[in-house]
Every structure is written in C-alpha cells, then in structure tokens.
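Asker: Before we start, here is the structure in question, set down as structure tokens.
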Amino acid sequence: MQFNGIDFDTYFNHYPDKNGYFGRYGGVFVADKLKAAMAEITQAYYSICQSRKFIAELRRIRAEFQGRPTPISHLERLSDAMGGRVQLYAKREDLNHSGAHKLNHCMGEALLAKYMGKKKVIAETGAGQHGVALATAAAYFGLECDIYMGAVDIKKQAPNVARMKVLGANVVEVTHGLQTLKEAVDAAFEAYSKEYNDAIYCIGSVLGPHPFPMMVRDFQSVVGIEAREQFLDMTGHLPNTIVACVGGGSNAAGLFAGFLNDPVDIYGVEPLGRGKALGDHAASLTYGSEGVMHGFNSIMLKDAHGDPAPVYSVASGLDYPSSGPEHAFLRDLGRVKYDVIDDNETIDAFYKLSRLEGIIPAIESSHAVAFAMKLAKKLEHGSVLINLSGRGDKDLDYVIEHYGIHD
Ligand SMILES: *Cc1c(COP(=O)(O)O)cnc(C)c1O
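Using our numbering, the letters of the sequence shown correspond one by one to residues 2 to 408.
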C-alpha cells in the first residue's frame, strides 16, 4: 500500500535506515564510548535475532512461558452501551505473563543478552513496570539484573520494588536531582558505559539510541501480527480502526506493525492529564517539538531551557516527555493519527470496561479504551480493535483513593 509516497509493502526493509533513522527522527546521540556499544548491539541484533535458532527459541518461550498468543475479546456489552453501531474488540495483552505487553520486548532483549554472552541486564524504571518485566526475564534466563530507580519513585512504587526484589533484581537507588525517571536514566546509562563488556542495556520502550527503537518494535510486533490473523479468523475482515495508548510507544508500535500496510485507520492516544498547560499532560506528539534527549531525536516536550519538561498524567506508565522516533515519523506522514484523552475520561473508561466486560484495565490502557468509546459513539458502523496493553490490578489502590468507586 502506498501512503504519502511511502511504500508500506517494503516499509520494514527501509525504516529505520542503517543509521537508525525513521525519516528525520532517531539516530544515535550518545558519547563516543557508548557508540561502540550500540554498534555491537546493532550487529548482534542483525546476526543473532534473524537466525532460525533465536527465532525458534523465542517462539517456544512465548508459548510456554508467556502464554502467547493472547486472545482477542469481542467487547459486546461495551459496544452496546456505546450505541451498538460500532463493534469494539480488545487484544488482551493484559493476559500476557506479568500482566502487560512489556514482557514481549524484555524476553527478546534478555534472550539476545544470553546469546551475546552477557551476564547482566541494566535498565532504568519510573513506575516500576519495566523493572518488573525485566527482572522477570532476567530470572528466567539466570542473568543478573540492575534496575536504577529514583528515590522518590522507590517510595511511591513500593509493590513494584518488592516484586523486583523477590524476582532477584538489584534495585539501585538514585538520589541526585529530582530523584525520578530522568535521573534514573542518566545513572543507568552511566553504569552501562562502565560495564558494557559484561552487560547489556535494556530499554523499556521504542526509545533511546538506535538500535533500541527498532529492536523493541520488532519484538513487540508479535502483538500486531497475531492480532491481524486472529481478527481475520474471528470476523472474516480486518478491523476498520485500531487504537493504542502511547507513552514511549512500544505497545502501539507493536500493534501498528501488523496493520501499517492495510487500509485500516490507526490512532495513537496520548495522555492529556489535567489539561493543555505544560506540566499538566504528557502528550508529546500532540504538543511537543523536535529535539534530542536520552540518545535520540524525536518530538518532545521542552521547558524554557530546552530541557525535557516535567510531565503528568493519571497513568504513570505514560508519563514520558517524548515518544519513539518512529511515532514522530508516522505522525508527520499522516499514516497514524495521534489524539488525546484526559484523566477523567480515562477513569470513566476504566470503570466501564470493568463493569461491562469483567476486565480491569491498566490506567495506561484505559486511555485507548476511552478513545475507542468516543469513536464508537461518533461513527456510523465498523469495528475498532483496542490494544489492551495491561491489567489494572496495580492501579486499584490509586483509583479508589483518588476517584472512589464509581457507579
Ligand atoms: C508501560 C506501559 C505502557 C506505556 O508504554 P508504551 O511503551 O507506550 O507501550 C502502556 N501500558 C501499560 C500497561 C504499561 O505498563
């Protein structure tokens, strides 16, 4: 399929290019020392991850350990409640082992680490979800695992810190600056630059320097590939529209990868939080501008000094001041449309899906559900497939404390 001069039949052969660019976005903006480490990972990715042996082992792990393929559920009662003209469906990444899509790329990254002969995986975490997924993968493969986390986040995210420790990870407290995600990223990269002979950095989304945006997308693309086949089997046709929430953009990139070459409308949903003022949301693709941070060029939210701006939303897993370079590219092309959902719409969707379908979604995923609900009310007919990126058990205490139990 041709779209704005891009041939999507061969898209994955050309994007990213060999320097890690999706059009003008992406690249490798790191210190020279780390450039060599990135080149090593890139080369290993191309040689190892395309090998039959690696692919066969990852397939086996997905089936035997992760519980893949995850099903698609037809959300009949929710569809009816929205007027019944449009049928809503959910790809159930909440049923992936450990409760979210993040394990898809963590198992891939950790398996690559094993094939490369590395002994340790290193990462940062904010809300702790990536830390838990990586600690799970490290335990499975018998790798050491250092997770860098700001002291403020460690206090806020006690259950995830406990999960990481039970899984055997070493949680390294970062105590400088604001003691949150940004400092944790810096500290983790600093540690990695000293340890890259024995360790590999495992990024938590389609972010960071090349090859991570490509690698994480490719590992997540299992979601879109499965979903396309399952949806065809179930209904005999493709969905008219697919929807996913976008923080860094990994669950969205995974779902979208299965449908970019199809006549399907694609939406990425960003968190509008409390509103449009800088600091009240994390909608980088909607309100941001071009810049470089954390090793890559993309669209980002900047403060008055041009540094990454503070961000907020009800979903801590979406609170990142940029999004992956491929999303910036697909936005400019117009192939994917990006829109926003605020905190209140999100909480309403969280309760609607719980009450009408018996599925408690992650607050992150609830952004995609809320957007699909709006579409279902607006459109005359058709079908919408939502990527239900994770389950909401982790969010129950927060939602009840801040919003109470809804009717
Ligand atoms: C981390 C997380 C997200 C956001 O990350 P992406 O890279 O944008 O997918 C979304 N949903 C859940 C459940 C998460 O844990």
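Ideal Cβ positions, reconstructed from N, Cα and C, are used throughout, including at glycine.
What ranges does the beta strand (DSSP E) occupy inside the stretch 324-388, keeping only unbroken runs of at least 3 residues that lie completely in it?
Answerer: With a minimum length of 3 residues, the continuous beta strand (DSSP E) runs that stay inside the stretch 324-388 are 338-343.
Asker: Any idea what DSSP makes of C107, helix, strand or coil?
Answerer: Helix at C107.
Asker: Could you please give me the residues that DSSP links to P409 through a beta bridge?
Answerer: Because the chain in this structure spans residues 2 to 408, residue 409 falls outside the shown range and cannot be described.
Asker: With a floor of 4 residues, list each alpha helix (DSSP H) that falls wholly inside the stretch 245-284, ordered by position along the chain.
Answerer: Listed in chain order, the complete alpha helix (DSSP H) runs (minimum 4 residues) inside the stretch 245-284 are 251-258.
Asker: Between C246 and ligand 1, is the CB less than 7 Å from at least one heavy atom?
Answerer: Yes, the Cβ of C246 comes within 7 Å of a heavy atom of ligand 1.
Asker: Return helix, strand or coil for Q67, following the three-state DSSP convention.
Answerer: Reduced to three states, the DSSP call for Q67 is helix.
Asker: If you measure between the beta carbons of S206 and Y26, is that distance less than 8 Å?
Answerer: No.
Asker: I believe G250 touches H328 by the beta-carbon criterion, under 8 Å. Please report the beta-carbon distance rounded to the nearest angstrom.
Answerer: Contact holds; Cβ gap of about 5 Å.
Asker: With distances taken Cα to Cα, identify the nearest neighbour of V270 among I401, N388, I42, P212.
Answerer: Cα-wise, what sits closest to V270 is N388.
Asker: For D343 and K54, I'd like the C-alpha separation in whole angstroms.
Answerer: Roughly 45 Å separates the two Cα atoms.
Asker: Quick check on L89: does DSSP put it in helix, strand or coil?
Answerer: Looking at L89 - three-state DSSP - the assignment turns out to be strand.
Asker: What distance in whole Å lies between the Cβ atoms of G325 and L182, which are believed to be in contact at a cut-off of 8 Å?
Answerer: That pair is no contact at about 16 Å.
Asker: Just how far apart, CA to CA, sit T287 and L334?
Answerer: Going from the Cα of T287 to the Cα of L334 covers about 14 Å.
Asker: Flag this pair as yes or no: are the beta carbons of E41 and K121 separated by less than 8 Å?
Answerer: Against a cut-off of 8 Å, the Cβ pair of K121 and E41 comes out as no contact.
Asker: Is the CB-CB distance between Y321 and G248 below 8 Å?
Answerer: Taking 8 Å as the Cβ cut-off, Y321 and G248 qualify as a contacting pair.
Asker: Taking DSSP as the reference, what is the three-state secondary structure of N97?
Answerer: Coil, per DSSP.
Asker: Excluding the 5 residues flanking L9 on each side, which residues of the same chain have their C-beta closer than 8 Å to its C-beta?
Answerer: Here the sequence assigns Phe to residue 9, which means Leu is not the residue at that position. Excluding positions up to five away in sequence, the list reads M2, Q3, L261, N262, R336.
Asker: Kindly identify the DSSP beta-bridge partner or partners of D147.
Answerer: Partner(s): I123, N171.
Asker: Does the Cβ of S366 lie closer than 7 Å to at least one heavy atom of ligand 1?
Answerer: Yes.
Asker: Return the bridge partner residues of A200 from the DSSP annotation.
Answerer: Paired residue(s): K121.
Asker: At a cut-off of 7 Å, is K103 close to ligand 1 when judged by its beta-carbon and the heavy atoms of the ligand?
Answerer: For ligand 1, at least one heavy atom lies less than 7 Å from the Cβ of K103.
Asker: Starting from G292, trace the beta strand (DSSP E) both ways and give me its first and last residue.
Answerer: Run containing G292: 290-294, per the beta strand (DSSP E) assignment.
Asker: For the structure I just gave you, are there three or more beta carbon pairs, one from the stretch 63-72 and one from the stretch 352-366, closer than 8 Å?
Answerer: These segments do not touch.
Asker: Rounded to whole angstroms, what's the CA-CA distance from Y16 to F213? Just pull it up for me.
Answerer: Going by the C-alpha atoms only, they are around 13 Å apart.
Asker: Three or more beta-carbon pairs under 8 Å between the stretch 131-141 and the stretch 105-118, yes or no?
Answerer: With a cut-off of 8 Å, the stretch 105-118 and the stretch 131-141 count as touching, because enough Cβ pairs lie within range.
Asker: Inspect the beta-carbon positions of A284 and G259 and report whether they are closer than 8 Å.
Answerer: No, these two residues do not count as a Cβ contact at 8 Å.
Asker: Name the two residues that bound the continuous beta strand (DSSP E) containing I300.
Answerer: That run of the beta strand (DSSP E) goes 297-301.
Asker: Can the beta-carbon of Y202 be found closer than 8 Å to that of I123?
Answerer: Yes. Within cutoff.
Asker: According to DSSP, simplified to helix, strand and coil, what is Q3?
Answerer: In this structure, Q3 counts as strand in the three-state DSSP scheme.
Asker: Per DSSP, which one or two residues make a beta bridge with V23?
Answerer: Looking at the sequence provided, one finds Phe at residue 23 rather than Val. Its beta-bridge partners are Y26.
Asker: How far does the alpha helix (DSSP H) with H75 in it reach, from first residue to last?
Answerer: Run containing H75: none in the alpha helix (DSSP H); it sits in the beta strand (DSSP E), 73-75.
Asker: Alpha carbon to alpha carbon, what distance is there between V173 and V31?
Answerer: Cα to Cα, the separation comes out at about 22 Å.
Asker: Cα separation between S194 and D95?
Answerer: Each residue's alpha carbon lies about 34 Å from the other.
Asker: Please classify T242: does DSSP put it in a helix, a strand, or coil?
Answerer: The answer is strand: DSSP assigns T242 an E or B state.
Asker: Starting from G391, follow its DSSP beta bridges and name the residues at the other end.
Answerer: Partner(s): A101.
Asker: How big is the Cα-Cα spacing for Y404 and S99?
Answerer: The straight-line gap from Cα to Cα measures roughly 26 Å.
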